[in-house]
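Protein chains: 2
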Amino acid sequence: MSSKNRAVDPGEEEFLSQYRPEEYASISITVDAIVVGVAKDITDNYRKLDRQSLKILLVKRDNYPYKGSYSLPGGFVGEKETFEDTLKRVLSIKTGLSDIYSEQLYTFGSVERDPRMRIVSCAYISLVDISRTNITGAEWFAVEEIPKMDLAFDHNQIVEEALKRLRGKIDYTDIVFHMMPVEFTISELQEVYELILGKKLLPAAFRRTISDKLEDTGKMTSNAGHRPSRIFRYKMPSGGLDDYESQ
Amino acid sequence: MSSKNRAVDPGEEEFLSQYRPEEYASISITVDAIVVGVAKDITDNYRKLDRQSLKILLVKRDNYPYKGSYSLPGGFVGEKETFEDTLKRVLSIKTGLSDIYSEQLYTFGSVERDPRMRIVSCAYISLVDISRTNITGAEWFAVEEIPKMDLAFDHNQIVEEALKRLRGKIDYTDIVFHMMPVEFTISELQEVYELILGKKLLPAAFRRTISDKLEDTGKMTSNAGHRPSRIFRYKMPSGGLDDYESQ
DNA sequence: AACTGTTCTTTGACAAATACAATTAAAGAA
DNA sequence: TTCTTTAATTGTATTTGTCAAAGAACAGTT
Numbered sequence: 605m606s607s608k609n610r611a612v613d614p615g616e617e618e619f620l621s622q623y624r625p626e627e628y629a630s631i632s633i634t635v636d637a638i639v640v641g642v643a644k645d646i647t648d649n650y651r652k653l654d655r656q657s658l659k660i661l662l663v664k665r666d667n668y669p670y671k672g673s674y675s676l677p678g679g680f681v682g683e684k685e686t687f688e689d690t691l692k693r694v695l696s697i698k699t700g701l702s703d704i705y706s707e708q709l710y711t712f713g714s715v716e717r718d719p720r721m722r723i724v725s726c727a728y729i730s731l732v733d734i735s736r737t738n739i740t741g742a743e744w745f746a747v748e749e750i751p752k753m754d755l756a757f758d759h760n761q762i763v764e765e766a767l768k769r770l771r772g773k774i775d776y777t778d779i780v781f782h783m784m785p786v787e788f789t790i791s792e793l794q795e796v797y798e799l800i801l802g803k804k805l806l807p808a809a810f811r812r813t814i815s816d817k818l819e820d821t822g823k824m825t826s827n828a829g830h831r832p833s834r835i836f837r838y839k840m841p842s843g844g845l846d847d848y849e850s851q
Numbered sequence: 605m606s607s608k609n610r611a612v613d614p615g616e617e618e619f620l621s622q623y624r625p626e627e628y629a630s631i632s633i634t635v636d637a638i639v640v641g642v643a644k645d646i647t648d649n650y651r652k653l654d655r656q657s658l659k660i661l662l663v664k665r666d667n668y669p670y671k672g673s674y675s676l677p678g679g680f681v682g683e684k685e686t687f688e689d690t691l692k693r694v695l696s697i698k699t700g701l702s703d704i705y706s707e708q709l710y711t712f713g714s715v716e717r718d719p720r721m722r723i724v725s726c727a728y729i730s731l732v733d734i735s736r737t738n739i740t741g742a743e744w745f746a747v748e749e750i751p752k753m754d755l756a757f758d759h760n761q762i763v764e765e766a767l768k769r770l771r772g773k774i775d776y777t778d779i780v781f782h783m784m785p786v787e788f789t790i791s792e793l794q795e796v797y798e799l800i801l802g803k804k805l806l807p808a809a810f811r812r813t814i815s816d817k818l819e820d821t822g823k824m825t826s827n828a829g830h831r832p833s834r835i836f837r838y839k840m841p842s843g844g845l846d847d848y849e850s851q
């Protein structure tokens, strides 16, 4: 789209043939992925509660630097590779994931963030429905645990920023549904909202605001020990996906 | 903050001393600035209208590639330079601006965007009050004109994304006020909103929603040919700046 | 001095969205 | 049957948003 098929004058052709890339300061770029999902935790066996919690995928580094520490899955951007290609490659190799929703978060470029050399990280947020994934090589960690861990590089800070972004976008986009299973109850959905926003919501208000995005499946939960709930699925808005989501 | 003062084991020290940065794929990074402001256009001398319009700063390239084309002010990130440092340097040299509000927009990394080599652009949006600037080396262009121009590289696309971001953030942040003079009328402010959103707003509704962000100066306009308007200034919210604005 | 055109500013009526308390519904468990 | 738990609804008050219409102040014109 950008520089292909444009008119190049002879002077520019001359210039380009003389251009020596190696003479210029060069910086390596990595793509790091913050893969976020929700999963049920069996926190209390006596009362058979299955509260959900927000989870992020981390990998254990088996090379220097930060050998043995956990870090976000990531890898170097090849010279002929777009960020999205790097992201796909990295996700596939380090987590086994493919075809998941991702968007660019922020580019972290402080000079000392990597002890090896100047390495800039272009971070992507990916949202997945954990129940449909099969992870290999990485582990899920609850977001509450992560501030207590000492992640490699500036990855603690990157995770922080990712959660801020999620909080900021949850209200005016439909991104949450990338983390939901195909079918879910309104209470389950509300719990995910509460996890991301970090506060309780009123059931009646939540139900009212969210219900035009939902479609009744006709099914109900059962064996829950209380009144069954209606099961819904996400109803794609008529005008296609939200403008804020495409990028 | 990130990798300073951390415990480095002897194995890591050994590893780092052997590390050869030149062996890795390297990519150059530029920072490009989308400097946005509003200014009055004398569009119609007969009726003495002074409508405002959204403006962006562009510079004429006097080097290959795209010699003679207009582009966003930008420059290469030095090996020991943060993006913010590069941005400051570039803004100062190419536009004469200093100390203006800026935030990272997006990082553009398609492989063919620069004919010289692989160059990634980390784009920043900067918002200024044009009335308080003194530009040297760059020119203001109305945003309506820019799609008709053929900017260097993928800068047309970058400008598009910047405007999208502005539209998305204007409603839930106070960033517009970075583009406003210290004192202004509600109609002037509304016009800026309308320029960014690309649609008309209802004066009564706008007035009601915006007025808790404003503080009356007690002054009034005069000689306007119609009822004078009250002059306001921005009232900083009690809790400091909005969370979305930081960094 | 009165009239006119302009647009800033305010009002009030109405609709829609939201907040919150209180109630009803439907299970399983004791 | 009764109790417990969570689902779902209802109703009311409050806030917020939409919209039309009227009033206010000034410059220019008659």
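Chains Z and C, in that order, give the protein sequences. Counting from 605, one number per residue, gives the positions in the first sequence under the numbering used here. Counting from 605, one number per residue, gives the positions in the second sequence under the numbering used here. Cβ coordinates follow ideal geometry from the N, Cα and C atoms, glycine included.
With respect to 6 Å, is the separation between the Cβ of M753(C) and the closest non-hydrogen atom of the ligand MG below this value? This structure does not include the ligand MG; it has no bound ligands of any sort.
Is the beta carbon of G741(Z) sitting closer than 7 Å to the one on K698(Z)? yes
Along the chain, where does the alpha helix (DSSP H) that runs through V642(C) open and close? That residue, V642(C), is in no alpha helix (DSSP H); its beta strand (DSSP E) goes S632 to K644.
Just the chain C side, please: which residues come within less than 9 Å of Y705(Z) by C-beta, in chain order? By Cβ distance, chain C contributes nothing, its closest Cβ being about 17 Å from Y705(Z), past 9 Å.
Could you tell me whether the Cβ atoms of V747(C) and L658(C) are closer together than 7 Å? Against a cut-off of 7 Å, the Cβ pair of L658(C) and V747(C) comes out as a contact.
Beta-carbon neighbours of E683(Z), restricted to chain C and to distances below 9 Å: A629, S630, I631, V715, M721 and R722
Have a look at L709(Z), E707(Z) and K684(Z) and flag the residue whose alpha-carbon is nearest the alpha-carbon of R722(C). K684(Z)
Between I704(Z) and V724(Z), is the Cβ-Cβ spacing less than 7 Å? The Cβ atoms of I704(Z) and V724(Z) do not sit closer than 7 Å to each other.
Does the segment 789-799 of chain Z come within contact of the segment 827-843 of chain Z, defined as at least 3 CB pairs closer than 8 Å? yes
Does DSSP put S702(Z) in a helix, a strand or coil? Look at S702(Z) here: in three-state DSSP terms it is coil, with no helix or strand label.
Contact between the segment 700-716 of chain C and the segment 791-811 of chain C: three or more CB pairs below 8 Å? Short answer: they don't touch.
Alpha carbon to alpha carbon, how far is L701(C) from Q761(C)? Give it in angstroms, no decimals. 24 Å
For T771(C), which residues in the same chain have their Cβ closer than 7 Å to its Cβ, ignoring the five residues on either side in sequence? The displayed chain sequence assigns Arg, not Thr, to residue 771(C). These residues qualify, in order along the chain: I800 and L801.
In the DSSP assignment, find the unbroken beta strand (DSSP E) run with S791(C) in it and report its ends. S791(C) -> not in any beta strand (DSSP E); alpha helix (DSSP H) instead, spanning I790 to L801.
With burial defined as no fewer than 16 other Cβ atoms inside 10 Å of the residue's Cβ, what is the status of Y728(Z): buried or exposed? buried
Could one say the Cβ of T690(C) lies closer than 7 Å to chain Z's Cβ atoms, at least one of them? no
Cα-Cα separation between N738(Z) and D820(Z), rounded to whole angstroms: 28 Å
Hey, Y674(Z) and F757(Z) are a contact pair by Cβ (cut 8 Å); roughly how many whole angstroms apart? Wrong, their Cβ atoms sit about 11 Å apart, outside the cutoff.
V681(Z) versus D689(Z): straight-line alpha-carbon distance, rounded: 8 Å
Straight-line Cα distance separating R655(Z) from K752(Z): Looking at the two C-alpha atoms, the distance is approximately 21 Å.
Just checking my contact of G585(C) with A637(C) at CB under 8 Å: how many whole Å lie between their CB atoms? The structure shown does not extend to residue 585(C), since chain C is modelled only from 605 to 851, so the question has no answer here.
S630(C) beta carbon less than 7 Å from that of S630(Z): Taking the C-beta atoms as reference points, S630(C) is found nearer than 7 Å to S630(Z).
Where P614(Z) and P719(C) are concerned, what is the direct C-alpha to C-alpha distance, given to the nearest angstrom? 14 Å
Check whether L691(C) and V635(C) have beta carbons under 7 Å apart: yes
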